[in-house]
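In the working numbering, the protein residues as written are 4 to 230.
Now the structure itself:
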C-alpha cells in the first residue's frame, strides 16, 4: 500500500503560475519545467538517499535534468524527467553517461570508480525504451520509474515508487470545478469570439477549456489567420 508523506510546502517562487491540468481523464503538470521545479523543490524528501549536485547540467551540447550522487558512497546518479511518454530515453541517458564520465564532472563529489546509475521518471514508457534497455550493456544500471498524479481528496498526490507526496498546486480543468465556470465569463478576443460563435452551443464550453489549457502553456500565443 502507498505510504502517506507529510504535506510539502512549496517555495515562495513556485507558487506563482504553478498548476496541474486535467486533460484526457488524467492530471498532469502543465509543463516539464513544472515537473522539474516540483522535484527540485522537494528533492530531499522524495530522494533522501541522494544529494542533488546540479539541475540542467550541460556538457558538449547535452543537458541532463538532475545530476546527483548517493550520500552513502558518492555513486553518480543521473535523473531524466519526462512529463509525457518519450521513446528515446535510453539513448538520451547513455549520452549523458558518456559525457559525464569523460569529463569527470564534480570529481570531488562523485566516485567515478562506481557505475553511473541512470533513472528515467515519466508517467508512461514507450515499448522501445524497454527494447533498448535490454540491448544495452548497461542494462543493470538503467531504471524506469513511473509516476502518477492521484486526485481523490482536496490535495493531489504525486505517486512514485509506492509513496505519495502532496502537490500543493491548483488543478485546472476538472469537470464541474469553479475554474471551468469562470471560463464561461472570460472575455475573448474578437476573432476567437467569432470562431466560437460558429460552434455548436454544446461544444463552446469545451472549446474554452481546451483553449485555456493551451494558453496556460509557456510561450504559447493566440494568433489569427486570414483564412
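The beta-carbon is built from N, C-alpha and C at its ideal position, and this holds for glycine as well.
N-terminal and C-terminal residue of the beta strand (DSSP E) that residue i is part of
| i | result |
| --- | --- |
| residue 65 | 65-73 |
| residue 136 | First-last for residue 136: 130-138, but that is the alpha helix (DSSP H), not the beta strand (DSSP E). |
| residue 150 | 145-153 |
| residue 29 | 29-32 |
| residue 26 | 23-26 |
Rounded C-alpha distance that separates residue i from residue j
| i | j | result |
| --- | --- | --- |
| residue 10 | residue 200 | Its pLDDT being 47, under 50, residue 10 is placed unreliably by the model, and the measurement read from it follows with that caveat. Going from the Cα of residue 10 to the Cα of residue 200 covers about 44 Å. |
| residue 40 | residue 34 | 10 Å |
| residue 1 | residue 103 | Missing from the structure shown is residue 1; the chain here goes from 4 to 230 and no further. |
| residue 25 | residue 139 | 36 Å |
| residue 235 | residue 146 | This structure does not reach residue 235, given that the chain is present from 4 up to 230, and the question cannot be answered. |
| residue 109 | residue 154 | 39 Å |
| residue 83 | residue 159 | 22 Å |
| residue 216 | residue 27 | 12 Å |
| residue 196 | residue 49 | 45 Å |
| residue 166 | residue 106 | 35 Å |
| residue 3 | residue 171 | Absent from the structure is residue 3, since the part of the chain shown begins at 4 and ends at 230. |
| residue 142 | residue 212 | 43 Å |
| residue 214 | residue 169 | 28 Å |
Minimum C-alpha distance to residue i - residue among the options
| i | options | result |
| --- | --- | --- |
| residue 22 | 144, 177 and 121 | 177 |
| residue 225 | 122, 62 and 192 | 192 |
| residue 150 | 28, 27 and 32 | 32 |
| residue 57 | 112, 164 and 161 | 112 |
| residue 175 | 157, 96 and 168 | 157 |
| residue 59 | 114, 42, 218 and 126 | 42 |
| residue 96 | 212, 162, 144 and 46 | 144 |
| residue 86 | 148, 116, 51 and 137 | 148 |
Residues that residue i bridges to, as DSSP identifies them
| i | result |
| --- | --- |
| residue 58 | 69 |
| residue 44 | In the DSSP output, where bridge partners are listed per residue, residue 44 has none listed. |
| residue 231 | As shown, the chain starts at 4 and ends at 230. That puts residue 231 outside it, with no answer to give. |
| residue 223 | Per DSSP, none; premise fails for residue 223. |
| residue 120 | 80 |
| residue 175 | 24 |
Residue range of the alpha helix (DSSP H) that includes residue i
| i | result |
| --- | --- |
| residue 99 | 92-106 |
| residue 206 | 204-218 |
Take every Cβ of the stretch 61-77, pair it with every Cβ of the stretch 196-207, and state whether three or more of those distances are shorter than 8 Å. No, the stretch 61-77 is not in contact with the stretch 196-207.
With contact counted as at least three CB pairs below 8 Å, one residue from each stretch, are the stretch 58-67 and the stretch 86-94 in contact? By the criterion of at least three beta-carbon pairs nearer than 8 Å, the stretch 58-67 is not in contact with the stretch 86-94.
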